[in-house]
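Undergrad:
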Amino acid sequence: MERNLTLVALFAAIIVVLGFMPSFSLVSGVPISAQSLGVMLAGTVLGSKRGAAAAALVVLVALIGLPVLAGGRGGLGVLAGPTVGFLLGWIPAAYVAGLVTERWQGGHPLVVAISGALVGGIVVLYALGTLGMMAVLQKGPFEAMLLNLPFIPGDLIKATIAGFLTREVWRARPALRAGV
Amino acid sequence: MLGLALPGPSWAHRLPAGAKLAALALVVLALLPVAHPLPLLGAAAVVAALYATLGPRALAAGARMLRPLLWFVGVILLYHLAVGEPRLGTVISLRILVLVGLANLVTLTTPLTEITSVAERLFGPLRHLGVNPRAPALAIALFLRFVPVLQGRAGALAEAWRARSPRRAGPRILVPLMLGTLDDADHVAEALRARGGVAAGANRPEKGTKWNAI
Chain A
3 MERNLTLVAL FAAIIVVLGF MPSFSLVSGV PISAQSLGVM LAGTVLGSKR GAAAAALVVL
63 VALIGLPVLA GGRGGLGVLA GPTVGFLLGW IPAAYVAGLV TERWQGGHPL VVAISGALVG
123 GIVVLYALGT LGMMAVLQKG PFEAMLLNLP FIPGDLIKAT IAGFLTREVW RARPALRAGV
Chain B
9 MLGLALPGPS WAHRLPAGAK LAALALVVLA LLPVAHPLPL LGAAAVVAAL YATLGPRALA
69 AGARMLRPLL WFVGVILLYH LAVGEPRLGT VISLRILVLV GLANLVTLTT PLTEITSVAE
129 RLFGPLRHLG VNPRAPALAI ALFLRFVPVL QGRAGALAEA WRARSPRRAG PRILVPLMLG
189 TLDDADHVAE ALRARGGVAA GANRPEKGTK WNAI
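Chains as they are written, first to last, in my numbering: chain A, 3 to 182; chain B, 9 to 222.
Shown next as structure tokens:
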């Protein structure tokens with residue numbers, strides 16, 4: 003109980019610290035923040051439940067009004083903005099990323115970790131992010147997807163990085179791979 | 009870490025947090041079906057006027073919090089001009105700006121302690137689901153305490169890297185950062201257990217002091 007709580011709280015802090023890191027820009031000029039990398043890592047390293055709890059903790063504290071999101075954003079205004087689906091989507095994204103790594107015990111660690119980050123951090127997150135945009139912008143799914151498209155290459159890079167980092171963490175702490 | 013709230017007092021600071029949040033929810037419900045730009049323009053003027061009654065600092069803070077949204081609004085407007093629906097584009101852009109501006113106003117005028125006490129009330133029913141309502145509060149306190157710690161550690165790791173390599177550190181320093189954090193989590197959990205654990209609530213700070221201490 004105590005260890006799960008501290009793992010969740012400290013990984014939530016990692017997500018926030020990653021958001022404070024200077025964002026880099028892709029060739030296309032789209033800015034990429036490392037914050038969603040933290041969400042992917044929370045899922046692949048901590049597993050489904052603890053990963054989702056870490057993401058939920060960041061979302062909760064952001065909505066309460068602390069500037070914990072990338073670029074020092076926070077507050078209830080985020081809920082009315084076009085990125086609401088992505089923010090709330092962090093929670094299921096981390097959950098699914100963790101679910102993939104938990105269920106797929108036999109696979110090659112790098113393949114498993116990258117798959118988890120891809121399915122959770124891109125498939126699930128973009129599905130919910132697109133739903134949020136459809137609601138806020140009153141657009142069809144196709145148009146909302148189009149607005150998100152420029153961010154996909156950056157997130158593919160992040161999912162790959164998350165996979166490599168997760169493999170290294172598993173190598174150093176094999177118990178985490180087993181979900182302990 | 010500091011909250012986003014501005015120092016009071018003002019008329020908006022004096023309103024109870026629950027009332028402000030309820031009013032915000034009502035305005036959101038009222039404005040969602042509006043499909044004409046004029047009422048939204050009026051609402052935008054009202055929101056701007058509300059900020060203005062709080063003085064220049066509130067106006068500046070409100071503008072700063074809206075800035076990340078501006079490129080998005082620009083994209084929306086351009087897109088709707090391109091597809092020949094400038095009116096719809098204006099309505100959507102105005103609605104986003106009004107709602108986000110108003111929500112930010114609540115955030116800017118409500119001290120952290122008041123919002124957390126509303127959150128605690130909302131968490132109360134979790135008790136019936138078998139969740140210890142102290143756990144979220146403790147997790148938030150630990151989380152906020154560790155943000156500066158991990159930030160400092162990330163900085164130290166990057167510096168150590170730079171001292172040894174002409175190249176940039178990049179994401180690889182996240183591995184030692186995560187491993188150190190996992191060890192910290194073990195140590196903090198041990199310390200919590202030694203003091204009676206989450207269930208005993210021995211670590212729960214006195215109400216009203218826990219946020220000031222962070």
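Virtual Cβ for every residue (Gly too), placed ideally from N, Cα, C.
For residue 75(A), which three-state DSSP category applies?
TA: Three-state DSSP puts residue 75(A) in a strand.
Undergrad: Give the residues from the stretch 71–87 of chain A that approach chain B closer than 7 angstroms (Cβ to any Cβ), ordered along the chain.
TA: Here the close residues are 73, 75, 76, 77, 78, 79, 81, 82, 83 and 84.
Undergrad: Can you tell me whether DSSP reads residue 98(A) as helix, strand or coil?
TA: Residue state, collapsed to three classes: helix.
Undergrad: Does the beta-carbon distance from residue 82(A) to residue 43(B) come in below 7 angstroms?
TA: No, the Cβ-Cβ distance between residue 82(A) and residue 43(B) is not below 7 angstroms.
Undergrad: With residue 50(B) as the anchor, note down where its alpha helix (DSSP H) starts and where it stops.
TA: Residue 50(B) -> alpha helix (DSSP H) spans 45–61.
Undergrad: In whole angstroms, what separates the C-alpha of residue 204(B) from that of residue 54(B)?
TA: Rounded to the nearest angstrom, the two C-alpha atoms are 52 angstroms apart.
Undergrad: Take residue 52(A) and list the residues in its own chain whose beta-carbon comes closer than 7 angstroms to its own, dropping the five residues that flank it on each side.
TA: 6, 9 and 10.
Undergrad: Got a sec: is the Cβ-Cβ distance from residue 112(A) to anything in chain B below 7 angstroms?
TA: So no, residue 112(A) is outside the interface.
Undergrad: Since residue 79(A) and residue 108(B) are thought to touch, with beta carbons under 8 angstroms apart, how far apart are those beta carbons, to the nearest angstrom?
TA: Contact holds; Cβ gap of about 4 angstroms.
Undergrad: Taking all protein chains shown into account, decide if residue 163(A) is buried (16 or more other Cβ within 10 angstroms of its Cβ) or exposed.
TA: By the 10 Å Cβ count, residue 163(A) comes out buried.
Undergrad: Can you find a CB in chain A that lies within less than 7 angstroms of the CB of residue 192(B)?
TA: With 7 angstroms as the cut-off, residue 192(B) counts as an interface residue toward chain A.
Undergrad: Under a CB-based cut-off of 7 angstroms, is residue 9(A) close to chain B?
TA: Residue 9(A) counts as touching chain B.
Undergrad: Determine the DSSP secondary structure at residue 28(B), reduced to helix, strand or coil.
TA: DSSP places residue 28(B) in helix when its eight states are reduced to three.
Undergrad: Might you give, ordered along the chain, the residues of its own chain that have their beta carbon closer than 7 angstroms to the beta carbon of residue 161(B), omitting 5 neighbours on each side?
TA: These residues qualify, in order along the chain: 185 and 188.
Undergrad: Taking Cβ to Cβ, would you say residue 98(A) is nearer than 7 angstroms to residue 126(A)?
TA: Yes, the pair counts as a contact, with Cβ atoms nearer than the cut-off.
Undergrad: Is the Cβ of residue 196(B) closer than 7 angstroms to any Cβ of chain A?
TA: It does: the Cβ of residue 196(B) has a partner Cβ on chain A nearer than 7 angstroms.
Undergrad: Can you grab the Cα-Cα spacing for the pair residue 165(B) / residue 180(B), in whole Å?
TA: Rounded to the nearest angstrom, the two C-alpha atoms are 10 angstroms apart.
Undergrad: What is the C-beta distance between residue 129(A) and residue 46(A), in whole angstroms, given that I count them as a contact (C-beta under 8 angstroms)?
TA: That pair is no contact at about 19 angstroms.
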